[in-house]
Each structure stands twice: as C-alpha cells, then as structure tokens.
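Keeping their order, the protein sequence lines are chains A and B.
In this note's numbering, each number is its position in the first sequence, counted from 1, plus 77.
In this note's numbering, each number is its position in the second sequence, counted from 1, plus 77.
Protein chains: 2
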Amino acid sequence: MKRLTIRGVAEIAGVSIATVSRALTHPERVTEATREKVEKAVRETGFVPNSQAVNFRRRSTRSVILLVRDISNAFYLDVYRGVEETAFASGYHVLMGDGAGDDKRILHYIDMVRNRLADGLILMTSRLPKQALAAPLPPMVVSLEEIDSVRLPTVAVDNRAAARLGVEHLVSLGHRRIAHITGPMHLKMATDRLAGWRDALDAAGVEPDPALVLEGDFHLSSGAAATERLLASGAKFTAIFASNDEMAVGAIAALRARGRRVPDDVSILGFDDSVYALAADPPLTTVRQPRREIGSRSMDLMIAILDGEEVSREPLLSDVDLAVRRSTAPAPTNKRRSR
Amino acid sequence: MKRLTIRGVAEIAGVSIATVSRALTHPERVTEATREKVEKAVRETGFVPNSQAVNFRRRSTRSVILLVRDISNAFYLDVYRGVEETAFASGYHVLMGDGAGDDKRILHYIDMVRNRLADGLILMTSRLPKQALAAPLPPMVVSLEEIDSVRLPTVAVDNRAAARLGVEHLVSLGHRRIAHITGPMHLKMATDRLAGWRDALDAAGVEPDPALVLEGDFHLSSGAAATERLLASGAKFTAIFASNDEMAVGAIAALRARGRRVPDDVSILGFDDSVYALAADPPLTTVRQPRREIGSRSMDLMIAILDGEEVSREPLLSDVDLAVRRSTAPAPTNKRRSR
DNA sequence: CTGTTAGCGCTTTCAT
DNA sequence: ATGAAAGCGCTAACAG
Numbered sequence: 078m079k080r081l082t083i084r085g086v087a088e089i090a091g092v093s094i095a096t097v098s099r100a101l102t103h104p105e106r107v108t109e110a111t112r113e114k115v116e117k118a119v120r121e122t123g124f125v126p127n128s129q130a131v132n133f134r135r136r137s138t139r140s141v142i143l144l145v146r147d148i149s150n151a152f153y154l155d156v157y158r159g160v161e162e163t164a165f166a167s168g169y170h171v172l173m174g175d176g177a178g179d180d181k182r183i184l185h186y187i188d189m190v191r192n193r194l195a196d197g198l199i200l201m202t203s204r205l206p207k208q209a210l211a212a213p214l215p216p217m218v219v220s221l222e223e224i225d226s227v228r229l230p231t232v233a234v235d236n237r238a239a240a241r242l243g244v245e246h247l248v249s250l251g252h253r254r255i256a257h258i259t260g261p262m263h264l265k266m267a268t269d270r271l272a273g274w275r276d277a278l279d280a281a282g283v284e285p286d287p288a289l290v291l292e293g294d295f296h297l298s299s300g301a302a303a304t305e306r307l308l309a310s311g312a313k314f315t316a317i318f319a320s321n322d323e324m325a326v327g328a329i330a331a332l333r334a335r336g337r338r339v340p341d342d343v344s345i346l347g348f349d350d351s352v353y354a355l356a357a358d359p360p361l362t363t364v365r366q367p368r369r370e371i372g373s374r375s376m377d378l379m380i381a382i383l384d385g386e387e388v389s390r391e392p393l394l395s396d397v398d399l400a401v402r403r404s405t406a407p408a409p410t411n412k413r414r415s416r
Numbered sequence: 078m079k080r081l082t083i084r085g086v087a088e089i090a091g092v093s094i095a096t097v098s099r100a101l102t103h104p105e106r107v108t109e110a111t112r113e114k115v116e117k118a119v120r121e122t123g124f125v126p127n128s129q130a131v132n133f134r135r136r137s138t139r140s141v142i143l144l145v146r147d148i149s150n151a152f153y154l155d156v157y158r159g160v161e162e163t164a165f166a167s168g169y170h171v172l173m174g175d176g177a178g179d180d181k182r183i184l185h186y187i188d189m190v191r192n193r194l195a196d197g198l199i200l201m202t203s204r205l206p207k208q209a210l211a212a213p214l215p216p217m218v219v220s221l222e223e224i225d226s227v228r229l230p231t232v233a234v235d236n237r238a239a240a241r242l243g244v245e246h247l248v249s250l251g252h253r254r255i256a257h258i259t260g261p262m263h264l265k266m267a268t269d270r271l272a273g274w275r276d277a278l279d280a281a282g283v284e285p286d287p288a289l290v291l292e293g294d295f296h297l298s299s300g301a302a303a304t305e306r307l308l309a310s311g312a313k314f315t316a317i318f319a320s321n322d323e324m325a326v327g328a329i330a331a332l333r334a335r336g337r338r339v340p341d342d343v344s345i346l347g348f349d350d351s352v353y354a355l356a357a358d359p360p361l362t363t364v365r366q367p368r369r370e371i372g373s374r375s376m377d378l379m380i381a382i383l384d385g386e387e388v389s390r391e392p393l394l395s396d397v398d399l400a401v402r403r404s405t406a407p408a409p410t411n412k413r414r415s416r
C-alpha cells in the first residue's frame, strides 16, 4: 500500500524530480515535450502529490477554522454553507469548531492555527479569552459578533437598524404597545436589537415602556417563559418582538396556551428567518439575515487576508430585509376586543 | 515572526534536538534532569511544536472528514456535535463536508484522505460514486445510511423497527386508517420506514392501503403537498405518519388550512425528534433518534479503525424511542365526528 | 529549460 | 540516556 512519490514518477518519465514538480505546478516553465512525458507518467501511475508534504513545504494548510458560539444552533447551518462553498471554490477546507462557551476550547482552536494546523480563524463568538492576546493573533476575521478588546476585520449586520426595521413594520400596522423579548444581555447583538426596538418607538413618538422588556436566552423555552411573565404582569401589549425566531415560537405557544390568538390578538415578530420561521404556525414575520452571504463574505475576507491583501477594519455590513408572513396583523382596535 | 523550532530549544537547553523531541513525546525515556532542562527551555521560549511537521513525519493528520448528504439539514447538527466532542477528546479534528448530491464533491473529499489531508472519512450519505471504488478505499465508516456496493463498518438505527414502534403507538390509540408520507424512495431509510409502517399495520391485522402512501422529499413543503393530495383524494384517515418531523410540520399546516384539527381530528407522528418537533404546534409525538450518540459512536468506530483495531462490519445499531407529545390522541370515534 | 542540492521541522533508528 | 544522522515528500534557489 506504499504510495508512489514524485521520485517514482520522475524515474518513469525519465526526468528529475524537480522537473516533475515544475511540470505539475508551473507547466509553463517546461517544454511541451517534457510536460507530456510527465503527464503520461502521472496518468499511468495514478500519482497524486502528497498534500501534506506540499503544505508543509509551503507553510500553508489551505484550511481555515470556523469557530461558532454554539454548534447546535441551527442558525449556523447556512452560514457554514456559505463559508464552505466559498472555501471549496478556492481550494480551502473548513474545520468547524464549537466554542461551547468554553475558553479552553476557544484557546485550543486558536492554537491550532498557531501550530500550523490551519491558516486562519473565522470567529463567530464574541468570546476571545484575554490569554489569547498574550501572543500575536493569527489571521482572523470576526463575524456576526464583536470583540471589543481588539479591532479585527469584521463581517456583520447592523442589528440595531435591522431591529428597527422590523419594529417599524409593527408600528406601521398600528401597534404601539410592543413588547420585546431580548437575547442574553451580555451579547452585543442583543443590546443592539433592543436599541433598535427603542429607536423605532422613539421615532413613532411612543415612550418605550421598560415593563415590556423581558430577557430571554435565545432558546424556545425562554421565549415562552418571558411571555408568561409578561402575561402575568398584566401589562397591556398588542405585539411582541422576539430577538430571534426560536423565542418567537415559544412566545406563540405561551400565548395560545392562554387563549390569545396570533396574529388576531397579538402580532409576533421574529428575527433571523431561521428554520423556525416557516415551521411556526402561523409562519413568522421576521427580520431576515443573509446567513449564507455572511458566510461567504467572511471566507472571502479570510482569503484576502491570507493572500496578504490589505483589508479594512471597518465592519462589512450585510443588508437585512423583512420577511412578512402571517404572524403580524394590524393592531386590534380597543373597541372590538377579539371576536 | 519567525517561530522558534526544536533546534532553538535544544540550544537553550544545552541538549540535542533528539533529546528535546524525546523529552516532549516520551518523557520517561530521559532522565529527570534533562527533562527539567528541556521543560524549562520550552517554558521560557513558549515553544510549541509545529504540528504540520509532526504529522508529516508521522504520516497522520489527526483529522477526519464528516461528509453529510445535505449540510443545511438541521438533523446533522447534533450528529456533528457528537462527532466533534468525541474527536476533540481524542485530539482529532473534524472537517465537515457537504455532499450536496454531487459526485464530484464526494470524490473530492475521498481524495482528501487519499492525499493525506485527513486520516479517515465518516460518510453520512449513501452516495458513493463507483469511481471511488477504482482505488482502494481509505479508512471509512458509514453512518445513518447504507452503501450496497461495499460492506463497510456502519453505525445506524433500525429504521424499520423504529417506524414500526411509532406506528404501533398510533395503532394502540385506536387508529386504523394511518397514512404515511415517505421520504425520497431512493433512500433506504425511506423504504425501511415504509416497511415499518406496513409491519405495524400487519401486526394489527390491518390491510395496508396503498392509497394512503404519499411520497415526500423530507422537506416541509413536500409534507404539506402530500397532505393536500391525500385530502383531495378523498381517502379516509385518522392519522398521518410522516417520515421526518419537517414533513410532519408541513402536514399539520395543510390540515389546519383545511379546517382539520390536530390531534382531535387527525393525529400526527413524526420521525427524528429534530428542532421541528418542539417548534411544532402541537409539539410532535415523534420517533427519537439518538443523534449525538450516533455521532460519537461513529467517531469511536473511526478511531478504532485508525488505531488498527479489528472492527466488525456488522452494523452498530443505536436504540430509538418514542417521544410522546401532543400531536397524537385517540382516534376519533365514528359516532361523534368532532364537536 | 533542466538537474543538483539544500532544506521545511520533526521523529527515530543506530551507535556510543 | 544521549547524540548524530537519515530521512518523510516536496519545492525552490542555484548552476549549468
């Protein structure tokens, strides 16, 4: 099972190993005749270069690590896909790592590129242990989240503007008492979306009511729990903006359990346009993030960095839009309270 | 930014590079004293071995490829997680590849291990282009699907028994007219589940009615479409067994659009216990596959193979169970046709 | 244009 | 127990 090496091919082709290497990597630097001899030998033997040796020699790996905050979050599926497609097209490979909220894991992945097991790291978590900053950082791009401790090339969406866009849709439907279920407040994306909610209300001349803000953790059950707290508080509201679709689905379940209809009594707005949005009943109106595009842009940026290009530290913002489905409807008028 | 090599450490520690290598990889083969000298030098310099060189020399990569049928299928999330956790614990890395129904991509990934870019391949697609069989196959394990052309170590669930288990639950609730929305019939998992549906009916003394079998493609919309065809056909049924949760959600939407209540009028049974199961309204009764376990067992098997252990070609079956939730209920009696 | 040669950074005999 | 030396398979000066 001993595989053929470049030496064997050279022998068969009757040339030196250097010539074989050249014929394969810089065909234009050899004569037509030798190129053909080499190609013939390669064909006959089924020779394929040992990439490990090539990479070792070239000090490159042609692979990058995609480190996500939580691998079981379906959100990353499409992002990964965008990264993988772009990588594949440029001859790169993608290793996906799970941050899992664990500094050790994250440091481990950073070390992988320091140890020359990957060329770069695409970070999709805001968790960057300070120990990581002890040594110089490897080629990195940050996506979807922000790292405050250090300024790195970034791909993102303007969560604040995006949230505002969504909430304005509710406002335009006549809603004024709009509750908001946030994400974990230690995440910038969560506070940004909260700010966007406030922006939209301010713009509409509505005083944001702190009683209508409930913290969630991006999981379905927290959306349900927050909604129950909201209902129990007795606060009035005609719409809920959940900071992601999963919590929106939880909110719908909680509302329905208490006999409130969606969207007749309460409109629901989600965020992400994830698999949950279409699975929900009714399908969610939601702020759509271009996940795949974010993935491919991140990889493009990574490639540019690895190619030694000068890249901007200004965040690359992707556009979001609103997927209007059936979970939102005009606000019920005070007179006619349900049917 | 030139990194320190083993030579530098050797110099500082005042020993040969061979000794440094030994002290690091086989500490017991050097004296206490030298080990300390070396460790000190390593600490002072922050030396970390170049993994690429180590792997090259050892002809290993400590990485495996996980090739899935469709990367945007949320089902693989937990599977990946199981693989990754087990791999991480053993010092392996996981490259996830997307088969995307494309032979070229699949061959590419197989070549990656032939080219020594990965040690092995975990296949989660039944698509194995015959060209792949031209050369000897690299270390491989097949999971969740089956390859007929060649017998490989396999991790799987008994889809037939699993489906039967689920349908028996419906039978026990008094259902007799149970429709089945299948997966793509070219997939063995789909035909196996169909067989399980038939088994359960046979066991209950019910003649399986071909008019109640509709083909789907595992996507939500196909579940809805199949259900619409079923309703349009005028066939009577009190339950639907969908070959995965996603189609079950589609079925619920279609039923509800036509005024049928779930589970009052029609019970719905899903398969997978994926994110869709809990997102559904009502939450789905579904056959649960231990996805994470399947992932970790696959990786365990891979590691055993790479360690040169003799492994069985007998499929390793994981147990499934039934998650009973609110989408199933006793069959409506003929007398009292809804309220 | 082609061949010779010197490594890449490490592990592993083989002597000592 | 340690060191010298021989590579792993390939690329890239450098000569010719």
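In this text, a Cβ means the ideal position worked out from N, Cα and C, and glycines have one as well.
Please read these numbers as outputs of a predicted model, since none were measured by experiment.
Just how far apart, CA to CA, sit Thr82 of chain B and Met189 of chain A?
-> 16 Å
Indicate whether Val248 of chain A and Ala281 of chain A have their beta-carbon atoms separated by less than 8 Å.
-> yes
Step through the CB atoms of chain A and report whether any lies within less than 8 Å of the CB of Tyr169 of chain B.
-> no
Just grab the DSSP bridge partners of Glu292 of chain A for me.
-> A:Thr259
Could you check where the alpha helix (DSSP H) with His170 of chain B kicks off and where it finishes?
-> Counting along the chain, His170 of chain B falls outside any alpha helix (DSSP H), though it belongs to the beta strand (DSSP E) covering His170 to Asp175.
Can at least three beta-carbon pairs, one atom from the segment 103–115 of chain B and one from the segment 176–196 of chain B, be found at a separation below 8 Å?
-> No: fewer than three Cβ pairs fall under 8 Å.
Kindly say whether Arg414 of chain A, judged by its beta-carbon, lies nearer than 8 Å to any beta-carbon of chain B.
-> Reliability of the predicted coordinates at Arg414 of chain A is poor, the pLDDT of 41 falling under 50, and the value obtained from them is presented with this limitation in mind. Not an interface residue.
With DSSP as the reference, label Gly426 of chain A as helix, strand or coil.
-> Given a span of 78 to 416 for chain A in the structure shown, any question on residue 426 of chain A remains unanswerable.
Count the other CB atoms, across all protein chains shown, that sit within 10 Å of the CB of Gly260 of chain A; report buried if there are 16 or more and exposed otherwise.
-> buried
Between A:Ala400, A:Leu355, A:Leu210 and A:Leu308, which lies nearest to Asp180 of chain A when the distance is taken from Cα to Cα?
-> A:Leu210
Should Ala195 of chain B and Ile142 of chain B be called a contact, given that it needs their Cβ atoms to be closer than 8 Å?
-> yes
Using the DSSP secondary-structure output, state which residues sit across from Gly347 of chain A in a beta bridge.
-> A:Thr363
Given a cut-off of 8 Å, decide if Leu346 of chain B and Ala381 of chain B are closer than it, judged by their beta-carbon atoms.
-> No, Cβ-Cβ distance for Ala381 of chain B and Leu346 of chain B is not below 8 Å.
What are the start and end residues of the beta strand (DSSP E) that includes Val234 of chain A?
-> Element bounds for Val234 of chain A: Thr231 to Val234.
Can you find a CB in chain B that lies within less than 8 Å of the CB of Val352 of chain A?
-> yes
For Val388 of chain A, which option in A:Met217, A:Leu144, A:Arg99 and A:Val156 has the closest C-alpha, if you only look at C-alpha atoms?
-> A:Met217
Do you know how far the Cα of Ala130 of chain A is from the Cα of Ser137 of chain A?
-> 10 Å
Does the beta carbon of Ile83 of chain B come closer than 8 Å to any beta carbon on chain A?
-> No, Ile83 of chain B lies away from the interface with chain A (no Cβ there is under 8 Å from its Cβ).
Thinking just about the alpha-carbon of each residue, which of A:Asp341, A:Leu242, A:Gly91 and A:Asp294 is nearest to the one in Leu264 of chain A?
-> A:Asp294
Tell me Ala400 of chain B's beta-bridge partners as DSSP assigns them.
-> B:Thr363
6 Å Cβ shell around Ser450 of chain B - same chain, five flanking residues per side excluded = Not covered by the structure: residue 450 of chain B. The range shown for chain B is 78 to 416.
Look at the alpha carbon of Ala356 of chain B and the alpha carbon of Leu214 of chain B, and state the distance between them as a whole number of angstroms.
-> 41 Å
Cβ of Met217 of chain A less than 8 Å from any chain B Cβ?
-> no
Among all the DSSP beta bridges, which residues are the ones paired with Phe318 of chain B?
-> B:His257 and B:Leu346
Is Ser128 of chain B close to chain A, meaning its C-beta is less than 8 Å from at least one C-beta of that chain?
-> yes
So Asp286 of chain A packs on Arg237 of chain A, CB below 8 Å; how close in whole Å?
-> Not a contact, Cβ separation roughly 19 Å.
Which of the three DSSP states, helix, strand or coil, is assigned to Ile24 of chain B?
-> Because residue 24 of chain B is not part of the residues shown, which for chain B are 78 to 416, the question remains open.
Listed from N- to C-terminal order along the chain, which residues in the segment 170–182 of chain B have their beta-carbon within a distance smaller than 8 Å of any beta-carbon of chain A?
-> His170, Val171, Leu172, Met173, Gly174, Asp175 and Arg182
Counting contacts by CB-CB distance shorter than 8 Å, is Phe133 of chain B in contact with chain A?
-> yes
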